[in-house]
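Mapping of the sequence shown onto the numbering used here: residues 9 to 375, in sequence order. We put the CB at the ideal spot given by N, CA and C, even for glycine.
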Amino acid sequence: MIKIPQADLRAQYETIKDEIIPAITAVIEKTQFVRGSATRQFEEDFARYCETEHAVAVGNGTDALLLALRAVGIGEGDEVITTPFTFTATGEAIHWVGAKPVFVDIDENNYTIDASKIEAAITDKTRAIIPVHLYGHPAEMDAILSIARKHDLKVIEDAAQAHGALYKGKKVGQFGHVACFSFYPGKNLGAYGDAGGVVSNDAKIADNVRRLGDHGSSKKYENDMMGFNSRMDGIQGAVLNIKLKHLPAWTKRRREIAAYYDDAFKDVAAVQTPRESSWAEGVYHLYVVQVDERDSVKQKLNEAGIGAAIHYPRPLHLQKSYGFLGLGRGSFPVAERAGDRVMSLPNYPEMTEGMLAEVVATVKKVV
Ligand SMILES: *Cc1c(COP(=O)(O)O)cnc(C)c1O
9 MIKIPQADLR AQYETIKDEI IPAITAVIEK TQFVRGSATR QFEEDFARYC
59 ETEHAVAVGN GTDALLLALR AVGIGEGDEV ITTPFTFTAT GEAIHWVGAK
109 PVFVDIDENN YTIDASKIEA AITDKTRAII PVHLYGHPAE MDAILSIARK
159 HDLKVIEDAA QAHGALYKGK KVGQFGHVAC FSFYPGKNLG AYGDAGGVVS
209 NDAKIADNVR RLGDHGSSKK YENDMMGFNS RMDGIQGAVL NIKLKHLPAW
259 TKRRREIAAY YDDAFKDVAA VQTPRESSWA EGVYHLYVVQ VDERDSVKQK
309 LNEAGIGAAI HYPRPLHLQK SYGFLGLGRG SFPVAERAGD RVMSLPNYPE
359 MTEGMLAEVV ATVKKVV
């Protein structure tokens, strides 16, 4: 039986091995283990890639969110609006700066926060909105930004899954006051360990993030404020420098794969393919369909060697860790329905046409 995994980092490594090994060796020989020249180079190149003025390399995507929230002044007693249909890190970062996550349901077509429902959730404690560009599909930024301006709120983009995604032709990450990326190995741009990044067009916010992530200091042993230890490793900077050069080609391939699936399933009523909003050119971190009886479909696909997966089976408000919010089933029906029906099909740039045909044939048989 052939096996087609959800993603295959080994296959990607084989294509870039000859570049990666010497770059990692150089970091070790220079003993620039934490930050250093490779990381600085990556900050420069990643800012250019995101069409922003500044980028700061940090320890991981969760820290990126936490530092960004702190850097724009969010803390104890504040409320931050976000989506319950995301990876838990979005809510955790809000919690650990001392603020309260306030959820707003998602749009049923693109799984990002439903901008038309945000204003109803605003109170006199609301200080910020975190839209999540889930699966690599940009949220409806113009509507979100106009609400934020009206109510004087900060906007922090969670772009952890959306490196290079376009909103009305411009890269995500440049719309909010600040934006956060994850370079976890499985993300579209992934390091060889944990890593994250923050981008902004505001020099003061970027500087705040940089200092907060380095013990509150801009000069060694001079501590301006209480900070954290969240700096990118030199090795991760070197790996990301190389991979960033390949990212446009990989993104193009992810979109080709998405188009292949879209076409293959267009006459299959049992498979609802993703819908790209009019403003969006997504980067398909995940290719997510909806099916009836999702759990049994997924299990049959897995038994047939197809790495179908679920992102995410349970919205945050139904997780035990968010129980303190006291929100039950029925609070966010669109997110809950998505949680019951979504299924991610294998989608990574190294997939061959043969593998795609095999996935399609097996899905058609199973549904
Ligand atoms: C991966 C991810 C994060 C957290 O990133 P880490 O690097 O794993 O800490 C945050 N938000 C979303 C939407 C993610 O997918």
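Practice item. Please specify which runs of the beta strand (DSSP E), each continuous and at least 3 residues long, are wholly inside the segment 179 to 255, giving them in chain order. Key: 186 to 190, 204 to 208, 225 to 227
**Study point:** residue 137: first and last residue of the uninterrupted beta strand (DSSP E) it sits in
**Key:** 134 to 138
Check your understanding: Cβ of residue 192 versus every heavy atom of ligand 1: is any distance shorter than 8 angstroms?
Key -> yes
**Study point:** Boundaries (first-last residue) of the beta strand (DSSP E) holding residue 162
**Key:** 162 to 166
Check your understanding: Could you check where the alpha helix (DSSP H) with residue 97 kicks off and where it finishes?
Key -> 97 to 104
Review point. In chain order, which continuous runs of the alpha helix (DSSP H) of length 4 or greater are located wholly inside the segment 38 to 93?
Key: 45 to 58, 69 to 79, all fully within the segment 38 to 93.
Practice item. Helix, strand or coil for residue 116, going by three-state DSSP, please let me know. Key: coil
Practice item. Could you have a look at residue 22 and say whether DSSP puts it in helix, strand or coil? Key: helix
**Study point:** Inter-residue CB distance, residue 358 and residue 16 (contact presumed, cutoff 8 angstroms)
**Key:** 6 angstroms
Practice item. Taking only the alpha-carbon atoms, compute the straight-line gap between residue 367 and residue 90 and give it to the nearest angstrom. Key: 34 angstroms
Review point. Looking at C-beta atoms only, is the number of pairs between the segment 320 to 340 and the segment 100 to 114 that lie closer than 8 angstroms three or more?
Key: yes
Review point. Roughly how far, in whole angstroms, is the beta-carbon of residue 69 from the beta-carbon of residue 192, given that I think they are within contact range, below 8 angstroms?
Key: About 6 angstroms; that satisfies the 8 angstroms criterion.
Exercise for review: Give every residue of the same chain whose Cβ lies closer than 7 angstroms to the Cβ of residue 86, excluding the five residues on either side of it in the sequence, and list them in chain order.
Suggested key: Excluding residues up to 5 positions away in sequence, 107, 133, 135 lie with their Cβ nearer than 7 angstroms to the Cβ of residue 86 in the same chain.
Review point. Would the C-beta of residue 203 count as close to ligand 3, meaning under 8 angstroms from any of its heavy atoms?
Key: Only ligand 1 can be found as ligands here, which leaves ligand 3 out of the picture.
Exercise for review: Mind checking which residues open and close the alpha helix (DSSP H) that includes residue 373?
Suggested key: Its alpha helix (DSSP H) spans residues 361 to 374.
Point to revise | Whole-Å CB distance - residue 371 paired with residue 309, under 8 angstroms assumed | key: 7 angstroms between Cβ atoms; contact.
Point to revise | residue 258 versus residue 128 - alpha carbon distance | key: 39 angstroms
**Study point:** Segment contact, 8 angstroms Cβ cut-off, at least three pairs: the segment 46 to 65 with the segment 204 to 223
**Key:** yes
Exercise for review: Output the distance between the C-alpha atoms of residue 75 and residue 54, rounded to the nearest integer angstrom.
Suggested key: 18 angstroms
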